[in-house]
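Colleague: If you scroll down you'll find the structure; I have some questions about it.
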Amino acid sequence: MLRTLPMRHVTVYVLASEAADTALVLAAHGQFAPAADGEVPWGGNPAESYRQVWLQATSRLQRILQWCGLEDGGRQQTDSPARPQRSGPSPLEEARVAAAPTLAELEALHAWLGEVWQACSRCHDEHLRLEAEQKRLVELEQTYARLTHLDLDVTRLLRADALLKVRLGQVPSAHLKRLQEALALAGHVLIPFDQAQEMSFALVAGPRPAAAGVDDLLTQAGWRELPVPQELQTHPAAARAHLEQEKTRIEALAGACRQSQAEHAARYGARLQEAAWRLELARPLAEAAALGVHGSRQITVFTGWVPRRAQNALVAALEARLHGRYRVIAREPHADELDRVPSLLAHPRWLRPFTPLVRNYGLPCYGEFDPTLLFAFSYVLLFGAMFGDVGHGAAIFLLAAGLRGRLAWLRTVGMACGAASIAFGFVYGSVFGHEDLLPALWRSPMHDPQQLLTLAMVAGAGFIAATHLLHAYNRLNQGQVAAALFEGAGLAGLVFYASVLDGLHALYLGQGFGPYHAAGACLALGAITVHRARTHRATAVERILVALIETSEAVIRSFANTLSFLRVAAFSLNHVALSFAVFALAGGLGGVGREFTLILGHALIVVLEGGIVAIQCMRLMYYEGFARFYNGGGVEFRPLRLGGRETSLTVGVV
Amino acid sequence: MLGDAYLDTRVSLFAQGLWSDDELTALVHRSPAEVSQALNARGLTELAAGYSIHSSLEARIIARLLQESRILVRPLQGEERQFLLYWIRRFEVSNVKTLIRARLSGECQAELAPKLIDMGPFARLDLTALTQTEDVRSLMRALEAGPYAEIVRHARRAFEDSQDPFILDATLDRAYLEGLVRHARAVEGGPGAALHDLMSRLIDRINLVWLLRYRFNYDLPPPRVYYLLVGAHYQLGADLLRRLVTLPDLAAVLAALPTVYARLLAGADDVFAVTCRLENAAAVHARRVLRSDAPPLARAFAYLLLRERGLRGLRAVLRGHHLGLPEDLIGRALGHLH
Chain A
-9 MLRTLPMRHV TVYVLASEAA DTALVLAAHG QFAPAADGEV PWGGNPAESY RQVWLQATSR
51 LQRILQWCGL EDGGRQQTDS PARPQRSGPS PLEEARVAAA PTLAELEALH AWLGEVWQAC
111 SRCHDEHLRL EAEQKRLVEL EQTYARLTHL DLDVTRLLRA DALLKVRLGQ VPSAHLKRLQ
171 EALALAGHVL IPFDQAQEMS FALVAGPRPA AAGVDDLLTQ AGWRELPVPQ ELQTHPAAAR
231 AHLEQEKTRI EALAGACRQS QAEHAARYGA RLQEAAWRLE LARPLAEAAA LGVHGSRQIT
291 VFTGWVPRRA QNALVAALEA RLHGRYRVIA REPHADELDR VPSLLAHPRW LRPFTPLVRN
351 YGLPCYGEFD PTLLFAFSYV LLFGAMFGDV GHGAAIFLLA AGLRGRLAWL RTVGMACGAA
411 SIAFGFVYGS VFGHEDLLPA LWRSPMHDPQ QLLTLAMVAG AGFIAATHLL HAYNRLNQGQ
471 VAAALFEGAG LAGLVFYASV LDGLHALYLG QGFGPYHAAG ACLALGAITV HRARTHRATA
531 VERILVALIE TSEAVIRSFA NTLSFLRVAA FSLNHVALSF AVFALAGGLG GVGREFTLIL
591 GHALIVVLEG GIVAIQCMRL MYYEGFARFY NGGGVEFRPL RLGGRETSLT VGVV
Chain B
2 MLGDAYLDTR VSLFAQGLWS DDELTALVHR SPAEVSQALN ARGLTELAAG YSIHSSLEAR
62 IIARLLQESR ILVRPLQGEE RQFLLYWIRR FEVSNVKTLI RARLSGECQA ELAPKLIDMG
122 PFARLDLTAL TQTEDVRSLM RALEAGPYAE IVRHARRAFE DSQDPFILDA TLDRAYLEGL
182 VRHARAVEGG PGAALHDLMS RLIDRINLVW LLRYRFNYDL PPPRVYYLLV GAHYQLGADL
242 LRRLVTLPDL AAVLAALPTV YARLLAGADD VFAVTCRLEN AAAVHARRVL RSDAPPLARA
302 FAYLLLRERG LRGLRAVLRG HHLGLPEDLI GRALGHLH
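Chains as they are written, first to last, in our numbering: chain A, -9 to 644; chain B, 2 to 339.
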């Protein structure tokens, strides 16, 4: 629970002909995360062409399903691969015994999908063309309406003339000015007369002999001729009739296109679902090929990571399918590959709601201290201390218990915070801000703020000291002994921090900052600076500068982080002050107004102050805690799974 | 305020790692092992491996530039940040062009993947989805639905009508650079004349070189050349460019330039010479800005320009050694850069 699960590096040798089926077994097992391995004797990736074909076929299938309106037809749920509708065993069971397609079968499937796409794409292109034509028709109608308002005879304007060449068209508005200037160089004029969205309608006129020279320029500017058919160059009524006719024609074509779409869905639907199922069966090898498949013509090698406790089950699954035609070699991770080992966390059910809050900051590296338990404990404790009130805590508890839907994951965290608030409410003797209803187990924050502030500081110092130890622990786990000893956040930092704090305490008691304190602080500071200068790879000046800046930053940060814990006391005082304010406001009113103010005031305290305290606790954990010891740069454990590789961060404790 | 101080310090520290022209020239005469040693000593370990590792040299250079840019962008806010981010995104625009070219030539995904630049945290394109598009039309449509819609939209229209890859490339480049000018204009008021001057030298150079190339190498008519140039408000403004594109030869164009450029380019007899002189002058100016007390954004921009130039110089040396080219040929390649 305090570290990532131990992993084993596994190499599985199988016959190349059984590679796809093996990948299927590994995916059904669900605990094998493929990873590249430089130690495998064969550098080639025999499954790369399989992967390429699979990627193209999958992409093609998605396009076809989308076009046919069958996007959901291929898949019911994430962990249940698409399969033809049939009764019998579950998808997982079925996948365990099903044969994954070979490369030749996959290529045949890809080719068939190509044919289907060819059939669909004709209709698809037609559909897009009609959409564009419809849009243009609407614009044409608007333009024609505007042209009729111009005091120009369009028929005469467009008549072929030996001297002048006139064009009507549209061009992106953004290009208008530049095109105007460029055309002027060729002796042409451009006159915009209308605008629709980002396109401008314009007239371009110039000497006919020079007209051919501007064709390329107009093309480059995205100029589109505005066809003014003969019919539109007649009487306005005839033009209107032509536009109506065009609209009917396009609608008829669009209807035919929709019908064709439905026919495609009906004709290919069942086979497409079968294809989706076959591609799901091929997915494990295709996905593994991206990382951990090597081999020769006869042998395929899968390399990856398996949780130590799942290794035997993996071997058993391979045995059940391959009956001895495989070889598994497992080993512990090497020291030089620890940064590549994926992290898998094992949390009990009650702790899992806190995982996303820790994950929000980062994932523990392999072997790194998993701060989820520390986070859960500290977060709830801090919340209770900052918002201690039996009544408000109970309200938070009940509100959290009612969370459903998207916020359901916050239920446990909210209930835990509510419970902590109730517990501290008893400690402070506070119920909805009343301090005379319950005897305090300790005392109300307002009765001795100085003592509360001192306690908060001491708790903060303890927390910061713990982060130094955790930082050193993490570095030792990574084999970085010098970093554990001499980094500002490590043991040297702890010596400095403890020396200065103890010295300041002695000073406060009137005993003075002793020589031992000064010696401890100076030695530790020197060690930190020298270590930083030695480890930073840069020019000498930059090293010194970086070492000095970072050392002073580490020193300042330790004390700033400690002072940050004063907010724990400040918020507990704030809670009392807010309650007083509500009582004072309500006391000034009578009858219903008083009751209303009390209810609204307490609701505001629960929602607003509760929210702020929740954020402050998070801030304390992230910036005063995690930033000091937690790397959070771990590699996600992403095992092969039926239905696609998904992130696996936590598993239940078995 | 604190961010400015940080950025200034960071730029000054980074500037110590820049390669001077003399240092680069000296590398030409050293053995590959000595070059590698020199690169290691300057912290460029990823380049020191030269061509001996799988990852392309260009990719490693860009990765280094992105890594340093990331540090420089961090303290910036608002429009200044947007400007620098947009400058970095030109690598992603080159991914757009690579994707389009691959679709036009029918390259498969496996061939295409290594050519794409890994933008890391700056990535805004879903390259996996884009590489799986069926043809250039569907690719362009997918791009139009993404963050580069503004740049791609007009290029698609022009390409659909002409089917000319040159138009596609030219339109994409121009659209990107006009976006850069817009972003720069928003911050030129802030960092003062230094950034304006850097941008001016960059955009004027691009416009002049494109003008000469399109006009006299590709023999395009003046209106088309003018249309392909970047619309900007720097020394080579619209009126002057309109006049320049109508002139009959290179000498006439150079003679009609503003004094500062006319003096610099006097005697240049081809587009290559013009390019070299303009680039060298821009580098000299960037170094001046870097050494000055110009606002941090201008200094950061100057640093990035010089850093890229320096790394490309190193690439020329490494490639020259790798191909076994004679030293004078590598020196000439460097001369283009310096």
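Cβ coordinates follow ideal geometry from the N, Cα and C atoms, glycine included.
Counting only runs that start and end within the region 268 to 298 of chain A, where is the beta strand (DSSP E) found for 3 or more residues in a row?
Modeller: Listed in chain order, they are 283 to 285 and 289 to 297.
Colleague: Any residues in the region 144 to 169 of chain A with a beta carbon nearer than 9 Å to a beta carbon of chain B? Which ones, in chain order?
Modeller: Cβ contacts with chain B come from P162, A164, H165, K167, R168 and L169.
Colleague: Straight-line CA distance for V194/A to E116/A?
Modeller: Using only the alpha carbons, I get a separation of about 31 Å.
Colleague: Give the single residue among C355/A, S333/A, L363/A and F359/A whose Cα lies nearest to the Cα of L347/A.
Modeller: Selected option, being the one with the closest Cα: L363/A.
Colleague: Cβ of R330/A less than 9 Å from any chain B Cβ?
Modeller: So no, R330/A is outside the interface.
Colleague: Mind checking who R119/A pairs with in its DSSP beta bridge?
Modeller: According to DSSP, which records beta bridges pairwise, R119/A is partnered with nothing at all.
Colleague: I need the DSSP call for Y215/B, collapsed to helix, strand or coil.
Modeller: Here Y215/B sits in helix by DSSP.
Colleague: From the DSSP output, read off the bridge partner residues of V485/A.
Modeller: Looking at the DSSP assignment, V485/A forms no beta bridge with any residue, so it has no partner.
Colleague: First and last residue of the alpha helix (DSSP H) that includes A1/B?
Modeller: The structure shown does not extend to residue 1/B, since chain B is modelled only from 2 through 339, so no value can be given for it.
Colleague: Would you kindly report the start and end of the unbroken alpha helix (DSSP H) that includes G381/A?
Modeller: It spans V380 to A391 - the alpha helix (DSSP H) in which G381/A sits, taken as one unbroken run.
Colleague: Taking C-beta to C-beta, are D198/B and V290/B nearer than 9 Å?
Modeller: Yes, Cβ-Cβ distance for D198/B and V290/B is below 9 Å.
Colleague: Excluding the 5 residues flanking P74/A on each side, which residues of the same chain have their C-beta closer than 8 Å to its C-beta?
Modeller: Its pLDDT being 47, under 50, P74/A is placed unreliably by the model, and the measurement read from it follows with that caveat. A260, Q263, E264 and W267.
Colleague: So A379/B and I152/B are supposed to be a Cβ contact under 8 Å. How far apart are they, rounded?
Modeller: The structure shown does not extend to residue 379/B, since chain B is modelled only from 2 through 339, so no value can be given for it.
Colleague: Determine the closest residue to R401/A out of F344/A, H100/A, R298/A and F359/A, with distance taken between C-alpha atoms.
Modeller: Residue F344/A is the option with its Cα nearest to R401/A.
Colleague: Taking 9 Å as the CB-CB cut-off, is D326/A touching chain B?
Modeller: No, D326/A lies away from the interface with chain B (no Cβ there is under 9 Å from its Cβ).
Colleague: With a 10 Å radius around its C-beta and 16 neighbouring C-beta atoms as the bar for buried, classify L169/B as buried or exposed.
Modeller: Its Cβ being crowded by 16 or more others within 10 Å, L169/B is buried.
Colleague: Counting only beta-carbon atoms, is G44/B nearer than 9 Å to chain A?
Modeller: Taking Cβ atoms only, chain A reaches closer than 9 Å to G44/B, which makes this a yes.
Colleague: Can you tell me the Cα-Cα spacing of R624/A and F359/A, whole angstroms?
Modeller: According to the sequence provided, residue 624/A is Gly. The question's Arg does not apply to it. C-alpha separation (whole angstroms): 11 Å.
Colleague: In chain order, what residues of the same chain have a beta carbon less than 7 Å from the beta carbon of Q67/A, not counting five sequence neighbours either side?
Modeller: Note that Q67/A scores a pLDDT of 37, beneath 50, so its modelled location is shaky; the value from the coordinates is reported in the next line. Hits under 7 Å: none found.
Colleague: Where does N41/B land, buried or exposed, given buried means 16+ other C-beta within 10 angstroms?
Modeller: Label assigned to N41/B: exposed.
Colleague: Hey, would you say L258/B sits closer than 9 Å to L251/B, going by beta carbons?
Modeller: Cβ distance not < 9 Å, so L258/B and L251/B don't count as in contact.
Colleague: Starting from K98/B and walking both ways along the alpha helix (DSSP H), at which residues does that stretch end?
Modeller: Note, K98/B: alpha helix (DSSP H), R91 to S106.
Colleague: Run down chain B in chain order and give the residues with a C-beta less than 7 Å from the C-beta of E358/A.
Modeller: Neighbours of E358/A on chain B: none; closest Cβ ~22 Å, over 7 Å.
Colleague: Which runs of the alpha helix (DSSP H) spanning at least 4 residues fall entirely within the region 154 to 242 of chain A, listed in chain order?
Modeller: Runs of the alpha helix (DSSP H) inside the region 154 to 242 of chain A: 166 to 175 and 205 to 210.
Colleague: So, does the CB of G18/B fall closer than 9 Å to a CB anywhere in chain E?
Modeller: Given the protein chain composition of this structure (A and B), no chain E is represented.
Colleague: Would you say the region 468 to 481 of chain A touches the region 529 to 539 of chain A, given that touching needs at least three Cβ pairs under 8 Å?
Modeller: At 8 Å Cβ cutoff, the stretches do not touch.
Colleague: Which residue wins for smallest C-alpha separation from A284/B, given the options A263/B, G314/B and L128/B?
Modeller: The shortest Cα separation from A284/B among A263/B, G314/B and L128/B belongs to G314/B.
Colleague: Taking 6 Å as the limit between beta carbons, can you name the residues of its chain near P297/B, skipping five residues before and five after?
Modeller: Cβ within range, chain order: D5, L8 and D9.
Colleague: Start and end of the beta strand (DSSP E) containing A17/A?
Modeller: It is not in any beta strand (DSSP E) - A17/A instead sits in the alpha helix (DSSP H) that spans A9 to H19.
Colleague: Comparing C-alpha positions only, which one of L120/A, Q210/A and L180/A sits nearest to L173/B?
Modeller: Nearest C-alpha to L173/B: Q210/A.
Colleague: Since A301/B meets chain A, which of its residues come closer than 9 Å, beta carbon to beta carbon?
Modeller: Result: empty, since nearest Cβ-Cβ is about 17 Å, beyond 9 Å.
Colleague: For L45/A, go through chain B and note every residue whose CB falls closer than 8 Å to its CB, in chain order.
Modeller: What L45/A touches in chain B: Q110 and Q133.
Colleague: Rounded to the nearest angstrom, what separates Y87/B and E309/B at their Cα positions?
Modeller: Using only the alpha carbons, I get a separation of about 16 Å.
Colleague: With contact counted as at least three CB pairs below 8 Å, one residue from each stretch, are the region 511 to 528 of chain A and the region 551 to 563 of chain A in contact?
Modeller: No: fewer than three Cβ pairs fall under 8 Å.
Colleague: Just the C-alpha distance for P162/A and H155/B, rounded to the nearest angstrom, thanks.
Modeller: Going from the Cα of P162/A to the Cα of H155/B covers about 8 Å.
Colleague: Any beta carbon of chain B sitting closer than 9 Å to that of T656/A?
Modeller: Because chain A is modelled from -9 through 644, residue 656/A falls outside the range shown and cannot be assessed.
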